[in-house]
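In structure tokens:
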């Protein structure tokens, strides 16, 4: 399996290149040219298949079209909705229909864009799409409405040409589900052993999944899964493996107290009355393929309530080590393990070691260690922060594991010894290693342990049956008093807006998914949905890394006249602090710190501590209570900081050029 790691600009460029390659022999208007009925009268199936066979791109005006039998996509054909909104072009089957409506007949150059497939508001009707793709297929802005019984997947496909590309950009299913056990459960998106090319799955949104949300990991091709949102997906939200799989910018929420009220039977049970099992957020699992784990970066996992959760990020025993960068996990259920890599068998690919850079774990309580590694020697945990109601780092059979520039401030044990009797962690002697904060939390109440273990089984295929570990009691303490101000971030539609908000104190509300760490939270809204809300106090700083024009930022609260829209580039200062803030700004000059490449690695961590203030920093940087800043230099980007004061301690990347104002700190 070839190692391929995709970055945002590469993925966007691939999509544009695919668009440029799409070609159609003819384009026809569905109603005017082909006589299709837009009022759900006569079925359109025969006319649509004739158009596909002739290599035709069919354009559909607003309307509701009756579909009664499958249609096979050939080369140089497709469906495009002409209406302004996808919900205005609807394909609806009669009640009781269950079929894979759109079948991929190994097409080359096909387009499906801007329409809705209606599964109807019952548990008797289901339609989907899938098959084999040769190359150059784009599925964009397609919504599945209605309810989901057992039936065909939303999208199930393999790209058979090793040089072929398929892109799904905007595929949505958020309605209720009839939960069934395997094999009657329904995968939403699947790609299997026959996949040889490259597939991009972007802007996917799935709620109430009865099996896996996205299931990949057993094909020899590559995958990019990004900018997607999953809420209450049974078994696993995202499955993927291999260094040629990148999972980026995704959010997974598990909360058994937030079910769609229309879900069949009791909201949080299967049809046999047993509790729904929200087992894993991201699962690296390959069976017999001997793959390493995937690259997982800039993702958020929130496990609020779950009866039988196993883990947030789970690397299976048949899979080599994964790479986690800038991953934020909040675990409150007292059961799930935030990051779990189980002891590998002979089926696991190399390398076995885990790499964790910029991983943030928080929450009320979890099972086992926040990072639990079994049989993963020479792993590395760098630039990370673990805090909350559980143990910190738990290792077994993982000698040579290194902890660098990482803070562990947990209520339980900071780290445990390995099972060979030696030290669990190798701590380098260089001064960039952040001290453990165990001594700072000695007066916190110890979290409880015990309780029954969960078997974690869902009945799905190839489930490893891992247990969820010990229960933990939520720590006491903290104030529930509301903070004086509220930040509201509202999606304007059309894409994803990513941002980081920072304040003296900031607290998430139920309307936000991002995890707050040390007064900072990274979150996003869009592409079609989203309002985030946070309470905060003190000056507010915002760093928008993508899509600033796709969201509106508002502040409301004490001394604010209603809800005021603010400019994220300038942030916001409470009225009572503005005069003081201006005087502070004039006390000293601000200098720019720039860390410049080149670097051979795609992402390299560096660390520094400032005697003074860091006025502005990129969203990938993290500030810790003891004054250390951890950030990353990438091959495509040189980070900049605005600093007042002096750099007291530092560890810069080898080969990097570091400049502070007019002073060169490292050539």
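Residue numbers (the working numbering): 36 to 702.
Built from N, CA and C at the ideal position, the CB exists for glycine as well.
Where does residue i sit, in a helix, a strand or coil, going by DSSP?
i: residue 293; result: coil
i: residue 684; result: strand
i: residue 593; result: coil
i: residue 240; result: strand
i: residue 201; result: strand
i: residue 222; result: coil
i: residue 689; result: coil
i: residue 617; result: Confidence in residue 617 is poor, its pLDDT being 46 and thus under 50, which makes the residue's placement unreliable; the coordinate value appears in the next sentence. Correct three-state label for residue 617: helix.
i: residue 121; result: helix
i: residue 272; result: strand
i: residue 400; result: coil
i: residue 387; result: coil
i: residue 52; result: helix
i: residue 188; result: coil
i: residue 448; result: coil
i: residue 526; result: strand
i: residue 612; result: helix
i: residue 231; result: coil
On the criterion of 16 or more Cβ atoms from any shown chain inside 10 Å, does residue i qualify as buried, or is it exposed?
i: residue 529; result: exposed
i: residue 61; result: exposed
i: residue 184; result: buried
i: residue 559; result: buried
i: residue 321; result: buried
i: residue 292; result: exposed
i: residue 542; result: buried
i: residue 67; result: exposed
i: residue 131; result: exposed
i: residue 379; result: buried
i: residue 212; result: buried
i: residue 392; result: buried
i: residue 47; result: exposed
i: residue 323; result: exposed
i: residue 161; result: buried
i: residue 129; result: exposed
i: residue 312; result: buried
i: residue 297; result: exposed
i: residue 736; result: The chain is shown from 36 up to 702; residue 736 falls before or after that span and cannot be answered.
i: residue 648; result: exposed
i: residue 617; result: Reliability fails at residue 617, whose pLDDT of 46 lies under 50, so the model's placement of it is uncertain and the value that follows must be treated cautiously. Label assigned to residue 617: exposed.
i: residue 157; result: exposed
i: residue 76; result: exposed
Which two residues bound the contiguous alpha helix (DSSP H) that contains residue i?
i: residue 572; result: No alpha helix (DSSP H) holds residue 572; the beta strand (DSSP E) holding it covers 566-572.
i: residue 214; result: First-last for residue 214: undefined, no H or E at that position.
i: residue 86; result: 80-88
Where do the ends of the beta strand (DSSP E) carrying residue i lie?
i: residue 126; result: 124-127
i: residue 373; result: 372-376
i: residue 365; result: 363-366
i: residue 134; result: 133-140
i: residue 417; result: 415-417
i: residue 444; result: 442-445
i: residue 585; result: First-last for residue 585: undefined, no H or E at that position.
i: residue 532; result: 532-537
i: residue 426; result: 426-431
i: residue 101; result: 98-101
i: residue 167; result: 161-168
i: residue 559; result: 555-560
i: residue 154; result: Residue 154 -> no beta strand (DSSP E), and no H or E assigned at all.
i: residue 66; result: Run containing residue 66: none; DSSP gives neither H nor E here.
i: residue 93; result: 91-95
i: residue 24; result: In the structure as shown, the chain begins at 36 and stops at 702. Residue 24 is therefore absent and cannot be evaluated.
What are the uninterrupted segments assigned as beta strand (DSSP E) that are 3 or more residues long and contained completely in the region 295-361, given in chain order? 315-319, 330-332, 335-340, 346-350 and 358-360
Cβ contact (3+ pairs, closer than 8 angstroms) linking the region 147-156 and the region 173-182: yes
Are the region 337-344 and the region 239-250 in contact at 8 angstroms, needing three or more beta carbon pairs? no
Stretch pair the region 398-410 + the region 421-428: three plus CB contacts closer than 8 angstroms: yes
Do the region 80-87 and the region 117-124 make contact, defined as three or more Cβ pairs closer than 8 angstroms? no
Could you say if the region 393-404 and the region 360-370 meet the contact criterion of at least three C-beta pairs nearer than 8 angstroms? yes
Looking at C-beta atoms only, is the number of pairs between the region 221-233 and the region 184-194 that lie closer than 8 angstroms three or more? yes
Touching or not, the region 272-288 and the region 328-335, by the rule of three or more beta carbon pairs under 8 angstroms? yes
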